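In our numbering, the protein residues as written are 729 to 1088.
Cβ coordinates follow ideal geometry from the N, Cα and C atoms, glycine included.
Values in this document were obtained by computation on a predicted structure and should not be read as measured data.
To start, the structure itself, in structure tokens.
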Amino acid sequence: MSMRTLAVGLGARSYPIHIGPGLIAEGSLFAPHLESGRAALVTNETVAPLYADTVERSLAACGARSFRIVIPDGEAEKRWETLDRVYGELLRAKADRRTVVVALGGGVVGDLAGFAAATYQRGVPFIQVPTTLLAQVDSSVGGKTAVNHPLGKNMIGAFHQPLAVIADTGTLDTLPDRELAAGLAEVIKYGAIRDLPFFEWLESNVDRLRARDAEALAYAIGRSCEIKAEIVAIDEREAGPRALLNLGHTFGHAIETIEGYGAWLHGEAVAAGMVMAARLSASLGRLPMADAQRLEALVRRAGLPVQPPALAVDAWLDAMGRDKKNESGRITLILLDRLGAATIEKNTPAGALEGFLSGR
Ligand code: NAD
Ligand code: GLY
């Protein structure tokens, strides 16, 4: 087993991120977190037939009894009603406060199962077992859990850190190309906000990533998790710099909410949103236009959209007006000063934003 382990440093709540192929078959990675001997495996209809048996064997190998909760697939399922079904199944199985929720799947399963774990009986432990690129580089790390509301993405949620993240890179073999590309959006984000050499590495290696070169994927996942872990350790609850991880997300969440959850994949909406943020940064004179074009070129080469859907300015502003980063009715945006350096901007002139949106 070639495995790399990183740490999210949060004092007593610190946890490991294990990255490597074949990890879901390694009971020893689950064992330290399953002293209670009981686990609830939450997954979805697509992932269950692929990987649930293997995870259950690993849980059994470390002496845990487990039961399975399978939700339907799709971003549209990341909602209150599906969460309520999960609570019902936990209750029917008499899950107690020491039952460990094991979230096996992409970001939808991880966010929903994580929120179930944050709230069931006022909070139970959970393990993230991410099986999409997006979940391995982003959503499984950092403890943000949520469901969507019809009026806004991720509006109902909680911070609840996992006990461990077990990212089996072998599971990416079955991931559709479109989903792999969606994950690359968040990988590009890390380079754009924090790490110019990583951004340059991505420019040189994006074709290898799309071709699923194992070495390139392992590097990209590891570097992404390093950057995310570093930021989460500084600012777990997003009082400040964690908001930088939201580059492109204010626009992206608006696209997802307005177009209907699942119409655009989260990563696709973030991709178009990052290009918008870069173009806005350039139009405000903060980012050289050549850098905005470089970001757009990389996003395009990753197989991702660079153009948002045609939406009315009022619809944009209404959806963006509900973003969680906003303060006192003002829209907060993450803008770029250069590639590798982003800023949290709380004072973008309303006229400039409206003018930018109406020029789309
Ligand atoms: P997803 O969970 O919908 O998974 C994408 C698709 O791939 C689904 O159809 C899923 O069933 C399928 N799938 C998963 N693993 C597979 C595998 N190994 N082989 C074949 N198919 C597989 O989408 P996602 O992109 O993983 O996650 C998006 C969600 O993550 C959004 O709801 C977004 O808001 C959330 N998110 C959360 C955070 C956070 O910090 N909590 C960060 C980023 C994104
Ligand atoms: N995906 C943004 C964050 O975790 O903060």
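Rounded to whole angstroms, the gap between the alpha carbons of GLY898 and ARG940 is 11 Å. In the assembly as shown, ASP812 is an exposed residue. Its beta-carbon has fewer than 16 other beta-carbons within 10 Å.
Contact between LEU818 and TYR779 is absent: CB atoms are separated by about 21 Å, not below the 8 Å threshold.
ILE894 is the residue among ARG796, PRO744, ALA735, ILE894 whose C-alpha sits nearest the C-alpha of ALA753.
Approximately 7 Å separates the beta-carbon atoms of ALA1030 and ARG938; this is inside 8 Å, confirming the contact. Runs of the alpha helix (DSSP H) lying entirely within the segment 760-799, each at least 4 residues long, are 781-789 in chain order.
According to the DSSP assignment, GLU954 belongs to the alpha helix (DSSP H) that extends over 942-962. Taking C-beta atoms as the reference points, PRO925 and TRP992 fail to come closer than 9 Å. The Cβ neighbour count for ALA1020, taken over all protein chains shown within 10 Å, is at least 16; the residue is labelled buried.
Only buried fits LYS917, as 16 or more other CB atoms lie within 10 angstroms of its CB. By the CB criterion at 9 Å, ARG766 and ARG826 fall inside the cutoff. Separation of TYR815 and LEU769 (C-alpha to C-alpha, rounded to the nearest whole angstrom) is 13 Å. Going by beta carbons, LEU832 and ALA776 fall inside the 9 Å limit. The residue from ALA1018, THR902, GLN1035 with its alpha-carbon nearest to that of VAL998 is GLN1035.
GLY1083 and GLU914 have their C-alpha atoms roughly 27 Å apart. Note: TRP992 is bridge-paired with TYR989 in the DSSP secondary-structure output. Nearest in C-alpha terms to GLU773, of all of ASP1065, ILE797, GLY870, GLU958, is ILE797. The ligand GLY never approaches ASP901 closely enough for any of its heavy atoms to be under 8 Å from the residue's Cβ.
Bounds of the alpha helix (DSSP H) holding LYS917 are 905-922. In this structure, the C-beta of PRO878 stays at least 8 Å away from each heavy atom of the ligand NAD. Burial check for MET1017: the Cβ neighbour count within 10 Å stays below 16, so the residue is exposed.
The segment 942-953 and the segment 970-980 do not touch, with fewer than 3 CB-CB distances between them shorter than 8 Å. At a cut-off of 8 Å, the beta-carbon of THR810 does not count as near the ligand NAD: no heavy atom of the ligand is closer than that. A Cβ-Cβ distance of about 5 Å is found for the pair GLY802 and GLY990, placing them in contact under the 8 Å criterion. DSSP lists GLY880 as the bridge partner or partners of HIS877.
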